[in-house]
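K.L.:
Pasting a structure below so you can have a look.
Numbering (the working numbering), first residue to last: 5 to 74.
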């Protein structure tokens with residue numbers, strides 16, 4: 005699987021663990037719900053700046069989005 009696919013799955017996992025919907029995460033990260041969906045499904049590459057906004061919204065460190073297999 006490509007890196008963004010794994011990162012997208014990790015974002016989805018962390019989002020669900022925190023009890024957030026895609027809409028709630030999009031508001032917290034100042035993104036659109038569609039952007040969150042595309043990132044989770046690895047339909048688009050995204051910048052580190054955007055990933056950092058998502059990490060902050062999920063209340064995790066950026067590097068945690070890259071901890072695979074956990």
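Beta carbons are placed, not taken as given, at the ideal position from N, Cα and C, and that holds for glycine.
What first and last residue would you give for the alpha helix (DSSP H) that runs through residue 38?
P.N.:
That run of the alpha helix (DSSP H) goes 37 to 44.
K.L.:
Determine the extent of the alpha helix (DSSP H) in which residue 8 is found, giving its start and end residues.
P.N.:
Note, residue 8: alpha helix (DSSP H), 7 to 21.
K.L.:
Starting from residue 56, trace the alpha helix (DSSP H) in both directions and tell me its first and last residue.
P.N.:
Counting along the chain, the alpha helix (DSSP H) containing residue 56 begins and ends at 52 to 62.
K.L.:
Buried or exposed: residue 29, going by 16 or more other Cβ atoms within 10 Å of its Cβ?
P.N.:
By the 10 Å Cβ count, residue 29 comes out buried.
K.L.:
So, are the CB atoms of residue 64 and residue 18 less than 8 Å apart?
P.N.:
The answer is yes: Cβ separation under 8 Å.
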